[in-house]
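Undergrad:
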Amino acid sequence: MAFLSIKKLIEEKRDQSYFFGPVEEKIIKKVEEKLELTFPEDYREFLKEYGCGNIGPIEIFGLGPNIESVPNVEWMIRHLRKTRSLPNYLIPIENLGDGFYAALTSVNSSDQGVMAGVVLQWNSRMNDPRRIASSFADYLQERVSIM
Numbered sequence: 003m004a005f006l007s008i009k010k011l012i013e014e015k016r017d018q019s020y021f022f023g024p025v026e027e028k029i030i031k032k033v034e035e036k037l038e039l040t041f042p043e044d045y046r047e048f049l050k051e052y053g054c055g056n057i058g059p060i061e062i063f064g065l066g067p068n069i070e071s072v073p074n075v076e077w078m079i080r081h082l083r084k085t086r087s088l089p090n091y092l093i094p095i096e097n098l099g100d101g102f103y104a105a106l107t108s109v110n111s112s113d114q115g116v117m118a119g120v121v122l123q124w125n126s127r128m129n130d131p132r133r134i135a136s137s138f139a140d141y142l143q144e145r146v147s148i149m
């Protein structure tokens, strides 16, 4: 159900959207294995259908042809883990500016005592990231609605 709301939202903004998808399931699984995390279902469906890209000025990290820079989520996770101590259970999905990121919690984040599948505002200087959406679909809906 959540993915259907994402599809509808992107369809409504089709003239302002640019994506690099689709991405095969086997590629998604390979990335999850390398990063030692599991993507929440609504984000996984987004990756399968759209990969990564933009809705207007909103750049959503995901999987696509360029694996060595933004908006590739695998590269971004490795980069932020190395340079900013990104916790292993977070998946950055958008750069919010000034060092802040919208970060989705992975399915295995419950091992860290964090609810899985929610979106947090994260910064390497913050000890306690702030919850900003209950799911990837809700986050995308909220971000696009203010365009």
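Residue numbers (my numbering): 3 to 149. Even for Gly, the Cβ is constructed at its ideal location relative to N, Cα and C.
(1) Applying the criterion that 16 or more other CB atoms from any shown protein chain within 10 Å of the CB defines a buried residue, is Pro59 buried or exposed?
(2) What does the alpha-carbon distance come out to for the pair Ser87 and Ser137?
(3) So Pro42 and Leu106 are supposed to be a Cβ contact under 8 Å. How far apart are they, rounded?
(4) Do the CB positions of Gly99 and Arg127 come within less than 9 Å of each other?
(5) Taking 7 Å as the limit between beta carbons, can you name the residues of its chain near Gln143, skipping five residues before and five after?
(6) What are the uninterrupted segments assigned as alpha helix (DSSP H) that are 4 or more residues long and contained completely in the segment 25-50, given in chain order?
(7) What span of residues does the beta strand (DSSP E) with Leu166 cover, start to end?
(8) Here's the rule I'm using: 16 or more other beta-carbon atoms within 10 Å means buried, otherwise exposed. How should Asp130 be labelled?
(9) So, are the CB atoms of Val109 and Leu39 less than 9 Å apart?
(10) Kindly indicate the opening and closing residues of the alpha helix (DSSP H) around Ala150.
TA: If we stick to the structure as given:
(1) Here residue 59 is taken as the residue at index 57 of the sequence shown, counted from 1. Pro59 should be labelled exposed.
(2) Position 85 of the sequence shown, counting from 1, holds the residue named residue 87. Position 135 of the sequence shown, counting from 1, holds the residue named residue 137. Using only the alpha carbons, I get a separation of about 23 Å.
(3) Indexing the sequence shown from 1 puts residue 42 at position 40. Indexing the sequence shown from 1 puts residue 106 at position 104. That pair is a contact at about 6 Å.
(4) Taking the first residue of the sequence shown as 1, we reach residue 99 at position 97. Taking the first residue of the sequence shown as 1, we reach residue 127 at position 125. Against a cut-off of 9 Å, the Cβ pair of Arg127 and Gly99 comes out as no contact.
(5) Sequence index remark: in the sequence shown, residue 143 carries index 141 (1-based). Excluding residues within five positions, the ones whose Cβ falls inside 7 Å are Ser7, Leu11.
(6) Segments of the alpha helix (DSSP H) lying fully in the segment 25-50: 27-37.
(7) Residue 166 lies beyond the range of the chain shown here (3 to 149); nothing can be said about it.
(8) Within the sequence shown, the letter at position 128 stands for residue 130. The residue in question, Asp130, is exposed, as its Cβ has fewer than 16 Cβ neighbours within 10 Å.
(9) The count along the sequence shown starts at 1 and reaches residue 109 at position 107. The count along the sequence shown starts at 1 and reaches residue 39 at position 37. Val109 places its beta carbon less than 9 Å from that of Leu39.
(10) With the chain covering 3 to 149 only, the question about residue 150 has no answer from this structure.
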